[in-house]
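The listed protein sequences correspond, in order, to chains S and H.
Residue numbers for the first sequence, in our numbering: 99 to 461.
Residue numbers for the second sequence, in our numbering: 50 to 675.
All remarks here apply to the structure that follows.
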Amino acid sequence: MTTLIVVLGVALVLVILYLIFKISNLVSVAKAKTSDDEVDSSNGVHALLFILFMVFGLGGFFWYSYAHFDSYTLPIASEHGAWTDTLFWITMAVTVVAFTIISIIKFVFLYQYQHKEGRKAKFYPDNHYLELAWTIIPALVLALLVFTGLRAWNDITSPASENAEVVEVIAQQFAWTVRYPGKDNVLGDYHYQKIDAINEFGLDLSDNKSFDDFKSLELHIPKGKEVLMKIRAKDVLHSVFLPHFRVKMDAVPGMPTQFKFIATKTTSEMRDELGNPEFNYELACTEICGKGHFSMKMSVVVDTPEDFEKWKTGQEAWLKQNPDYLKNVPAGLRESAMIKAGISVESGVTYLEGVKAAAVGSN
Amino acid sequence: MATTHTHTNIDVHHHDDHEHEHHEGNFWTNYIFSQDHKVIAKQFLITGIFWALFGGALSVIFRLQLGFPDMTLEWLRPLLGGWITPEGKIDPEFYLALVTMHGTIMVFFVLTAGLSGTFSNFLIPLQIGARDMASGFMNMLSYWFFFLSSVVMLSSFFIETGPAGGGWTVYPPLSALPQAIQGSGLGMTLWLVAMALFIVSTLLGGINYITTIINMRTRGMSFTRMPLTIWAFFFTAIIGLLSFPVLFAAALLLIFDRSFGTSFFLSDIYIGGEALANVGGSPILFQHLFWFLGHPEVYIVLLPALGITSEIIATNSRKPIFGYKAMIGSMLFIAILSFIVWAHHMFVTGMNPFLGSIFMLLTLIIAVPSAVKIFNYVTTLWKGNIRFTSAMLFSIGLVSFFLTGGITGIFLGNSAIDIQLHDTYFVVAHFHLVMGSASFFGMLAGIYHWFPKFFGRMMNERLGYIHFWLTFVGVYMVFFPMHYIGIAGFPRRYYSWTNFDTFSGFTDLNTLVSVAAILTLSAQFIFLFNFFYSIFRGRKASANPWKSTTLEWTTPRNPGHGNWPGEIPAVYRWPYDYSKPGAKDDFIPQTIPFSETPESNLPHENELIKLETTGDGAIVVEGNKH
């Protein structure tokens with residue numbers, strides 16, 4: 099039924115258009131319009147339509163921007179985000195003023211200087227002062243915007259402080275994982291050739307920094323403390339996007355990247371602010387990466403520093419969850435590996451003996 | 050060239066496809082393997098129109114998915130077959146292929162080949178007063194390489210793994226690894242082959258345009274008397290000549306990475322359960338190479354449109370274009386700057402942030418000449434006597450889009466603000482307005498304006514008006530809401546947003562955008578009807594229907610091979626003598642010597658009269674125009 103209505107509607111529009119076309123042809127024949135001397139009678143209509151377009155266009159723009167402000171602006175939850183958003187709105191103010199003035203002038207000119215029989219246009223090929231003015235003024239305004247932008251950019255991209263909380267976000271088709279450095283606060287080495295189904299990070303277990311590293315499927319970060327997010331990708335390009343924190347950085351295979359920021363609102367604070375108890379911060383992918391690009395999501399939790407520490411201490415080292423991999427730890431380091439990973443001596447020794455026995459058995 | 054010179058006298062007042070006595074043309078040499086610049090221009094135009102419809106249709110298919118996520122698309126199965134999932138949805142990988150091919154087709158096949166190919170070919174000889182292009186044969190090759198490229202690109206829709214799907218920027222490793230996405234299999238190979246052929250076509254064309262403009266201007270046509278269209282085509286060709294080879298290099302290296310095991314762009318990859326052997330490559334290197342073309346490409350697309358509209362706005366305002374030299378200067382400045390801003394596409398790719406600062410600075414500088422152009426357009430309208438022809442309407446549309454879309458570039462060029470906006474719908478809105486729609490409107494304006502010269506007949510103006518208003522309002526309805534969606538952070542190239550709470554809003558705006566997109570595409574059929582109907586049945590055009598000053602309107606209604614029967618007219622003045630005080634008409638063609646217009650000459654022009662009589666005006670007049 100709907101299809102039928104759509105088809106009929108389309109047919110009707112086509113018929114109307116064809117009629118307009120035919121009639122306009124006939125009219126031009128009837129008027130014996132063979133030369134192009136006269137200007138089309140619809141000339142004034144266009145001039146008027148441009149004015150209407152301007153009124154409704156600008157009106158609609160200002161109305162929607164004002165009335166729906168909350169629906170298209172995301173709350174800010176990071177320190178530099180407040181800064182870049184301010185820059186965004188300053189730029190918006192400057193450009194909207196320029197845009198509105200130029201638009202109005204343009205459409206008014208179109209109306210005012212529409213063709214009139216007998217009027218002659220003004221021969222006005224140039225005016226160097228005018229041209230100079232509108233070269234220099236935009237240049238100055240842009241220079242101002244550039245310099246404020248540069249300061250923000252330099253600050254945002256400056257090296258992180260020594261005691262920043264380090265987390266590593268690892269992208270792969272089509273999921274994120276996070277690695278925390280564990281108690282030693284240093285991420286262990288990794289190598290892409292050590293990656294396998296279980297050792298997702300490609301942890302290099304000959305590095306004693308890696309024993310206490312732990313994995314998380316949620317990104318936990320503390321409020322009010324600088325977070326240095328290290329980013330890498332396993333397969334293709336991805337991009338870490340934390341919309342509420344105004345954070346975006348590509349994940350590049352073979353070239354680790356990073357982004358530092360300070361969260362300013364915990365998840366529960368943001369829930370209160372928005373009056374939405376279901377609210378969760380999210381991490382999205384913004385670099386096309388394949389079929390599942392649109393579903394590459396990870397939850398982000400901002401804790402108070404105390405909760406964050408508590409959460410961290412509650413996590414098990416990756417090695418403890420996968421004791422099989424003790425066999426990849428060089429013999430001399432096994433003991434310290436077990437201590438750092440929190441594997442009890444008995445279970446570790448039992449495990450290793452089991453491995454040895456199995457090896458002997460297979461011989 | 051030599052052959053055309055010798056016997057253009059013979060076929061005076063003849064119909065368009067007249068033949069020369071020496072080489073009797075048949076259907077093949079006249080219409081298919083023609084070396085005549087006008088026929089080649091028409092070939093580019095028709096192919097461009099085909100691709101525009103094709104590319105537009107692709108966008109409507111993916112807009113259906115985005116605007117009506119719950120709609121069943123079962124009815125597309127006869128067309129798309131297996132690309133519709135059993136649930137009646139578009140396959141997510143095919144969605145990416147649609148997005149990729151829409152971008153590739155629109156940027157390269159429509160707005161580069163369709164725009165430059167058509168109008169550079171058509172207008173350069175006609176407006177500078179030449180019989181044809183410097184090399185008609187190369188010109189013909191240029192079209193046929195483009196045709197071949199089109200065939201290869203189109204064929205990728207008919208293979209099992211589908212067309213390339215890694216985005217029109219084809220960033221590796223995604224585009225290099227078939228295990229990452231189906232489209233990176235044979236589809237990507239075809240994409241690369243097609244682009245290589247396309248680049249050959251562009252270079253053949255570009256060399257021809259540059260050579261013709263430099264060497265074949267008629268007597269008196271100094272550089273400072275060239276219409277702005279020609280200046281625009283000239284800069285465009287130079288930009289293309291310098292930047293396309295870099296894309297060629299990037300494509301070549303990518304082919305090596307894909308097929309011969311090199312590691313230019315690949316390193317440390319673990320995919321599909323195995324670690325690849327490639328080490329030491331850099332995906333960022335590809336991005337640098339790609340955008341070294343990719344950014345100039347924006348101006349390759351835009352400058353011809355700006356040139357065309359400069360001409361149309363001056364003609365229909367009955368005024369000289371305001372600031373002729375400033376317009377040339379700003380185009381030159383844009384052309385130069387376009388080569389040193391490319392990395393603003395890469396602020397958050399992990400590139401050294403210091404580079405980000407440099408490119409931000411350079412990027413915002415490029416806004417200045419662009420602003421100058423807008424101001425000059427608006428001032429050209431001031432105190433004009435404006436005729437709203439269809440071409441004029443579309444030119445005004447271009448100025449409007451150029452302003453609306455250009456202004457958002459100031460946000461994106463600012464690296465600090467770009468962090469949030471990068472790869473969101475804000476970017477989509479920005480470039481579709483400033484580059485896509487603006488150039489597309491420039492192309493349509495050009496078609497309406499020069500249709501009488503193309504086919505000797507007029508298009509129906511009334512249908513042109515309807516076409517304009519539907520398209521103008523439609524384009525704004527499609528792209529303006531995207532700014533809001535982008536500020537809200539919605540990432541581009543998403544098949545659906547329902548996985549994220551953050552991006553779950555705006556179903557209303559997305560539906561609006563999709564409806565507007567469908568209407569806008571439908572409106573183009575009015576144009577198509579008008580175009581093809583008018584070729585055969587349109588009102589016959591007079592010699593100079595827009596009362597324009599430039600040389601192409603001194604040719605016969607249907608110019609034959611060689612363009613002018615008899616001698617090529619000489620040029621005595623700049624192309625913008627509209628509404629000159631004292632003159633009888635409101636325009637003085639370039640071919641009228643100052644000696645015939647003592648009533649309207651400016652003081653310095655009176656001095657030029659002496660030179661006209663000695664007949665060597667061409668040599669002495671350099672740089673005389675204020």
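Even glycine gets a Cβ: it sits at the ideal position worked out from N, Cα and C.
A quick note: this is a predicted structure, and the numbers were derived from the prediction, not measured.
Where residue i and residue j are concerned, what is the direct C-alpha to C-alpha distance, given to the nearest angstrom?
{"i": "K307 of chain S", "j": "A415 of chain S", "result": "12 angstroms"}
{"i": "F343 of chain S", "j": "E324 of chain S", "result": "12 angstroms"}
{"i": "L431 of chain S", "j": "P351 of chain S", "result": "30 angstroms"}
{"i": "T275 of chain S", "j": "L240 of chain S", "result": "41 angstroms"}
{"i": "S133 of chain S", "j": "S597 of chain H", "result": "Bear in mind that the predicted position of S133 of chain S carries a pLDDT of just 49, short of 50, making it too unreliable to give a figure here."}
{"i": "F359 of chain S", "j": "D253 of chain S", "result": "11 angstroms"}
{"i": "R511 of chain H", "j": "S140 of chain S", "result": "9 angstroms"}
{"i": "S591 of chain H", "j": "A363 of chain H", "result": "20 angstroms"}
{"i": "L290 of chain H", "j": "G254 of chain H", "result": "9 angstroms"}
{"i": "A566 of chain H", "j": "V527 of chain H", "result": "6 angstroms"}
{"i": "F408 of chain H", "j": "E260 of chain S", "result": "29 angstroms"}
{"i": "G356 of chain H", "j": "I414 of chain H", "result": "21 angstroms"}
{"i": "K220 of chain S", "j": "A632 of chain H", "result": "12 angstroms"}
{"i": "L252 of chain H", "j": "E367 of chain S", "result": "59 angstroms"}
{"i": "M508 of chain H", "j": "Y348 of chain H", "result": "29 angstroms"}
{"i": "H71 of chain H", "j": "S184 of chain H", "result": "Below a pLDDT of 50, predicted positions are generally treated as unreliable, and H71 of chain H, at 48, falls in that range; the measurement from the model is reported next regardless. About 19 angstroms."}
{"i": "V338 of chain S", "j": "H394 of chain H", "result": "16 angstroms"}
{"i": "M237 of chain H", "j": "F195 of chain H", "result": "18 angstroms"}
{"i": "L447 of chain H", "j": "M152 of chain S", "result": "15 angstroms"}
{"i": "F197 of chain S", "j": "F299 of chain S", "result": "50 angstroms"}
If we define contact as Cβ-Cβ less than 8 angstroms, is residue i a contact residue for chain H?
{"i": "Q419 of chain S", "result": "no"}
{"i": "T365 of chain S", "result": "no"}
{"i": "P351 of chain S", "result": "yes"}
{"i": "E433 of chain S", "result": "no"}
{"i": "N426 of chain S", "result": "no"}
{"i": "M396 of chain S", "result": "no"}
{"i": "I202 of chain S", "result": "no"}
Helix, strand or coil: which one does DSSP assign to residue i?
{"i": "A269 of chain S", "result": "strand"}
{"i": "P174 of chain H", "result": "helix"}
{"i": "E136 of chain H", "result": "coil"}
{"i": "T267 of chain H", "result": "coil"}
{"i": "W193 of chain H", "result": "helix"}
{"i": "T218 of chain H", "result": "coil"}
{"i": "A286 of chain H", "result": "helix"}
{"i": "Y627 of chain H", "result": "strand"}
Please classify residue i as buried or exposed, where buried requires at least 16 other C-beta atoms within 10 Å of its C-beta.
{"i": "D294 of chain S", "result": "exposed"}
{"i": "D333 of chain S", "result": "buried"}
{"i": "V156 of chain H", "result": "buried"}
{"i": "M120 of chain H", "result": "exposed"}
{"i": "K328 of chain S", "result": "buried"}
{"i": "K589 of chain H", "result": "exposed"}
{"i": "A191 of chain S", "result": "exposed"}
{"i": "H516 of chain H", "result": "buried"}
Is residue i close to chain S, meaning its C-beta is less than 8 angstroms from at least one C-beta of that chain?
{"i": "S316 of chain H", "result": "yes"}
{"i": "T569 of chain H", "result": "no"}
{"i": "A300 of chain H", "result": "no"}
{"i": "E656 of chain H", "result": "no"}
{"i": "H678 of chain H", "result": "Because chain H in this structure spans residues 50 to 675, residue 678 of chain H falls outside the shown range and cannot be described."}
{"i": "D635 of chain H", "result": "yes"}
{"i": "A537 of chain H", "result": "yes"}
Against residue i, what residues of chain C qualify as contacts under a CB-to-CB distance less than 7 angstroms, listed in chain order?
{"i": "L248 of chain S", "result": "The question asks about chain C, but that chain is absent: this structure's protein chains are S and H."}
### Query
Can we say the segment 422 to 430 of chain H touches the segment 364 to 383 of chain H, given the rule of at least three CB pairs closer than 8 angstroms?
Because the criterion of three Cβ pairs below 8 angstroms is met, the segment 422 to 430 of chain H and the segment 364 to 383 of chain H touch.
### Message
When you compare the segment 543 to 550 of chain H with the segment 106 to 123 of chain H, are there three or more beta-carbon pairs, one atom per stretch, that lie closer than 8 angstroms?
### Response
yes
### Query
Would the segment 155 to 167 of chain S and the segment 458 to 472 of chain H be scored as touching if the rule is three or more Cβ pairs under 8 angstroms?
no
### Task
Evaluate contact between the segment 604 to 621 of chain H and the segment 266 to 278 of chain H, counting only Cβ atoms and requiring at least three cross-stretch pairs below 8 angstroms.
yes
### Message
With three or more beta-carbon pairs closer than 8 angstroms as the criterion, would you say the segment 226 to 242 of chain H touches the segment 207 to 215 of chain H?
### Response
yes
### Query
Looking at C-beta atoms only, is the number of pairs between the segment 385 to 393 of chain H and the segment 334 to 350 of chain H that lie closer than 8 angstroms three or more?
yes
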